Amino acid sequence: MNNRLFVEAVLYRYRAGIPWRDLPERFGDFRAVHTRFSRWAARGVLKEIFEHLAKDADNEYAMIDSTIVRAHQHSAGARKKGAVRKPSAPARAG
1 MNNRLFVEAV LYRYRAGIPW RDLPERFGDF RAVHTRFSRW AARGVLKEIF
51 EHLAKDADNE YAMIDSTIVR AHQHSAGARK KGAVRKPSAP ARAG
């Protein structure tokens, strides 16, 4: 297994939140990937890789704005069918 495929396997596993045994076959034998991960982690190789990547991080892709995120209709306060509307405390007082 080449290094790129190995790193992709590790990232896939953490993004998907799956156990090692559920890695897709395209990454090879999950036991080999896990063994390599354990060795690289013990030697500090993974830490070095991610520290290097973090130095030049382009976080623009991680930005989220309302043009791409749609809220569910109930998040905007839409009334549910048959719901009784209760006025807020200031509305009752005034």
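Counting from 1, one number per residue, gives the positions in the sequence shown under UniProt numbering.
Glycine included, every Cβ here is placed at the ideal spot set by N, Cα and C.
Just so it is clear, the structure is predicted and the values come from calculations on it, not from any experiment.
Check: State the DSSP-derived secondary structure class of Ile49, mapped to helix, strand or coil.; Outcome: helix
Check: Following the continuous alpha helix (DSSP H) through Phe27, name the residue where it begins and the one where it ends.; Outcome: Run containing Phe27: none; DSSP gives neither H nor E here.
Check: Taking a contact to mean a Cβ-Cβ separation below 8 Å, would you say Phe6 touches Arg39 in this structure?; Outcome: no
Check: For Glu25, tell me which candidate among Gly17, Ala16, Tyr14 and Ala9 has the shortest Cα-Cα distance.; Outcome: Ala9
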